[in-house]
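Its first residue numbered 144, the sequence shown is counted upward by one per residue in the working numbering.
We put the CB at the ideal spot given by N, CA and C, even for glycine.
Notes follow once the structure below has been shown.
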Amino acid sequence: MSAFPQDFLWGAATAAYQVEGGFDADGKGPSIWDEFAHRPGTTYQGTNGDVAVDHYHRFREDVALMGELGMKSYRFSLSWPRLLPEGRGEVNEAGVAFYSDLIDELLKHQIEPMITLYHWDLPLALQQEGGWEVRSTADAFVEYARLCYQRFGDRVKLWSTFNETVVFIGHGYITGAHPPAVQDPARALQACHHVFVAHAASVAAFRTSGIDGQIGFVNVLQPHTPRSDAPEDIAACQFADGIYTHWLYDPVLKGEYPAELLAQAQALWGVPRFAPGDADLLRNNRCDFIGLNFYKRETVAANDQPTSFNANHSGQRGSGHQQGKEFGVQGLFKFVRNPQGVYTDWDWEIYPQGLTDGIMMIKARYGDVPIYITENGLGAKDPIIDGEVRDDDRIDYLRQHIAAIAEAIEQGADVRGYYPWSFIDLLSWLNGFQKQYGFVYVDHQRGLARQRKKSFAWYQQVIASNGEQR
Ligand code: BG6
């Protein structure tokens, strides 16, 4: 018998900036990524999302492929500046019509939409007012969320507010690799606080919207293992858990920051600063579910040098490790290579057991919160042999991770869905189109023609057998 419940949501995921294109079509406003990627030297070979894979114009063809794959659910994000070009105020009805048509098309194929409200493409107009560093951006986010609930809430039951705070805040405000390219941990923590406030306030708005659905938050799940049994490596590992997990999960699942770390941050940098009412807002608006994006684990060692920040997307091919700007705090921890580890071409350790362990760690700390695996996948340059995209490595990777989820379910975790990253080959933020994740290949030499990969037929069979045949 399958480990997976009958109503398990087998899906796949994408994000607006990475697939849609149509960056200035039909009244869409610019986002921070439109502006950033147009600056020379910011992305791999100057690639950008102007056209991406043109999902904006080809969504019906793409949804037909999703239907053929048998997907039960599709996780995608909405582009805030497509709906509100200035970030607030006047609504772009053409943008509303695009998402409305996409949702209808999905439902026509019995595919349950799962919406992410924010996958990093902040309206540029709001960045020019201070972006996440100013509280008014959180207010604008709530206005945007309400608009989405009103227009799409009659058909969409699964919502999440933010995707991966660790990445867009970490790289936006510490390493400077993402927009707005700031390098200042204190500013990072205040911006991050406004994200939590925006999340909590839009969960509150969701609860009063009358939508018969659930709202959650999506985080990177990055388990840490100490390099050795030495007490200093174990302490370093616990500290990494504190920063990469507790800081980012506690506010949305427990409704408060981890007390000790909060005290340390406030003593060191004077942040995050709370406005009156913030603590209650967080406490009263916890998530209905948590989305976990799992790609890799990190091995952690003690460090006597300044600690550097590292997360997904820290660099280009082969340079992902040990990169990043310093936190400016002496001697906390560092990520090191695991000599026994198996790594991708981008130096991400492949460690499926980490998914089981990570899910069980979330259950142990936060109780029986429903879980969706909202991203998981292998970024690789897929071989094309005799015209076929033979992505056997991806099949292997996904197979092992599905087994890891089955294991967690058997151990009692409430995992309700699996969304491999990604449905289709798309734009990797800093790595262009060379880092592929999809079940569907896009031929950039032949007018963005779609082609099913070997993994497409494989995943079709996984879904059809509810995870038994894999
Ligand atoms: C996740 C993001 O962190 O990782 C996705 O939510 C992203 O948007 C994915 O594409 C893979 O990262 P990368 O850098 O390999 O494209």
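Alpha carbon of residue 147 to alpha carbon of residue 559, nearest angstrom: 8 angstroms
Limits of the unbroken beta strand (DSSP E) element including residue 518: 514-518
beta-carbon residue 158 near the ligand BG6 non-hydrogen atom, thresh 7 angstroms: yes
Euclidean distance between Cα positions of residue 564 and residue 183: 28 angstroms
Segment limits, beta strand (DSSP E) that includes residue 368: 367-369
Expected contact under 8 angstroms - CB spacing of residue 172 and residue 224 to nearest Å: 4 angstroms
Residues near residue 509 in its chain [Cβ-Cβ closer than 6 angstroms; skip 5 each side]: 396
Unbroken alpha helix (DSSP H) run spanning residue 327, endpoints: Residue 327 -> no alpha helix (DSSP H), and no H or E assigned at all.
Alpha-carbon spacing of residue 238 relative to residue 534, whole angstroms: 35 angstroms
Three-state secondary structure assigned by DSSP to residue 171: coil
Any non-hydrogen atom of the ligand BG6 closer than 7 angstroms to residue 573 Cβ: yes
Residue 594 vs residue 512 beta-carbon contact at 8 angstroms: no
8 angstroms Cβ cutoff met for residue 523 and residue 477: no
Residues bridged to residue 432 (per DSSP): 359
4-residue-minimum alpha helix (DSSP H) runs that sit fully inside the region 222-297, ordered along the chain: 223-226, 236-251, 267-270 and 278-295
Bounding residues of the beta strand (DSSP E) (the contiguous stretch that carries residue 499): No beta strand (DSSP E) contains residue 499, which is instead part of the alpha helix (DSSP H) from 496-509.
Coil, strand or helix - residue 160 by DSSP: helix
Straight-line Cα distance separating residue 517 from residue 381: 25 angstroms
Same chain only: Cβ atoms within 7 angstroms of residue 205, ignoring 5 sequence neighbours per side: 198 and 567
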